[in-house]
Every structure is written in structure tokens, then in C-alpha cells.
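Using UniProt numbering, you'd call the opening residue of the sequence shown number 1 and step up by one each time.
What follows is a short report on a single structure.
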Amino acid sequence: MELDFRFRRSSVGDGGGCSYQRETERPDIPPRFNQAHFLQAQPSPRGRRLILTVHVTNPNIAPIRYASTTMSIFYEGTLLGAAQVKAGSQRPRSCQVLKLPARLDGMELAHHAKKFFDDVAKREMVLDAKVDIGGKAKVLWWGHRFKVHVDSHITVDPVFLDVIDQENKSQLEIYLV
1 MELDFRFRRS SVGDGGGCSY QRETERPDIP PRFNQAHFLQ AQPSPRGRRL
51 ILTVHVTNPN IAPIRYASTT MSIFYEGTLL GAAQVKAGSQ RPRSCQVLKL
101 PARLDGMELA HHAKKFFDDV AKREMVLDAK VDIGGKAKVL WWGHRFKVHV
151 DSHITVDPVF LDVIDQENKS QLEIYLV
């Protein structure tokens, strides 16, 4: 997930303080699904564990710390699975790759069996992902809370789990109090 924390400031009132909000048209948030990252320990009809490789970028001059959260993965509007994002930090102007443990629900996918097999036949499957990440960005002596909401619309090859296309929207809020 490449989270771009550069922001255009448009003031928005927030209770007793103010916050800054930003919407980007298309940030780069490329989760890379790789068949080699499947965990083969316990195959089960109930679900499949896998590791999502996500690229995160902090292009700002401020270091950030973020709390743990869950990324929800949807297929045909139904919650198919989730990936756990552990709490962490990132230095200013740096990139890092996160390995997120995820679990996809095989029983939920069975409810969409016809559509899934059609997707496998044409080697194109559409997934949606949503995540809210909160944390603090430290500027000089002050830590400013932030929250990023990311919506991703991802087209993958269901056979090899390669990302074919992706459209993303993110919204950043920075709280100054």
C-alpha cells in the first residue's frame, strides 16, 4: 500500500480544533498478491491463508507511527476476508514493504461459485478493499494525529493472483489538536 501523506490543505472544522482533509484522485496503492506467498500449512475448504505484499511510502519530512488495523477484502459486495496490519512506524521520506497475513473465506466464496468460475474462465476477478489507518505524525515537538481511509478497486488474475489493474481513492485527515 503506498500511502501518500503529502497533502493539500483545505480546512475543515472539527469540534474545538481544526483538521485538514485531503482526497487524492489516484494514489498508488499496489498490493501485490503473489502465488509464492500462499501458506500451504493447512488447506481447508473453509478458507485460505495468504500473505499480501503491500508497499507503503511516506514522502513527507515527518516520521509517522500508526496503530494496528484490519483491511477488509470484498468480492461481489460481500466480505470475503481480512488482512491484519500490525502497528508500526516509518521514517520520513522512506518506503517499506509490509507482509500482511490474510485469510479468505472459502465458504463465502462458495456463495458466489458461478460468478467465481466465470471469473476464473476469463482470468479476471474484481476485488474491493477498504482500510482505515490512524496514527501520529511528529513535527518538531508536536505529534499530530492523522487518519487515512483507503478504498481500492482491484482486478486480479484468480489463477496466479497477479494484480491486473487497480483504482484507488484515499482520504487523509490531520487533526491539529
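No residue lacks a Cβ here, since even glycine has one placed at the ideal position from N, Cα and C.
The structure presented is a predicted model; accordingly, all values stated were derived computationally and were not measured.
One or two residues paired with residue i in a DSSP bridge
| i | result |
| --- | --- |
| H153 | D128 and E167 |
| M71 | A83 |
| W142 | V139 |
| I51 | P101 |
| V120 | V120 pairs with nothing; no bridge assigned. |
| V56 | Q96 |
| R65 | S89 and K136 |
Residue i vs residue j beta-carbon contact at 8 Å
| i | j | result |
| --- | --- | --- |
| G77 | R103 | no |
| L127 | F116 | no |
| R65 | S94 | no |
| D157 | K130 | no |
| I133 | V148 | yes |
| A83 | G135 | no |
| T69 | K99 | no |
Cβ-Cβ separation, residue j to residue i (assumed contact under 8 Å), whole Å
| i | j | result |
| --- | --- | --- |
| Q171 | I154 | The Cβ separation is near 18 Å, so there is no contact. |
| N58 | P101 | Incorrect: roughly 22 Å between the Cβ atoms, too far for contact. |
| V85 | H55 | About 13 Å separates the two Cβ atoms, so there is no contact after all. |
| G106 | R48 | 6 Å |
| A87 | A137 | Actually they are not in contact, since the Cβ atoms of A87 and A137 sit about 15 Å apart, beyond 8 Å. |
Outcome for residue i when other beta-carbon atoms lying within 10 angstroms are tallied against a minimum of 16
| i | result |
| --- | --- |
| F160 | exposed |
| N168 | buried |
| V139 | exposed |
| I164 | exposed |
| L176 | exposed |
| D118 | exposed |
| I174 | buried |
| A113 | exposed |
| R123 | exposed |
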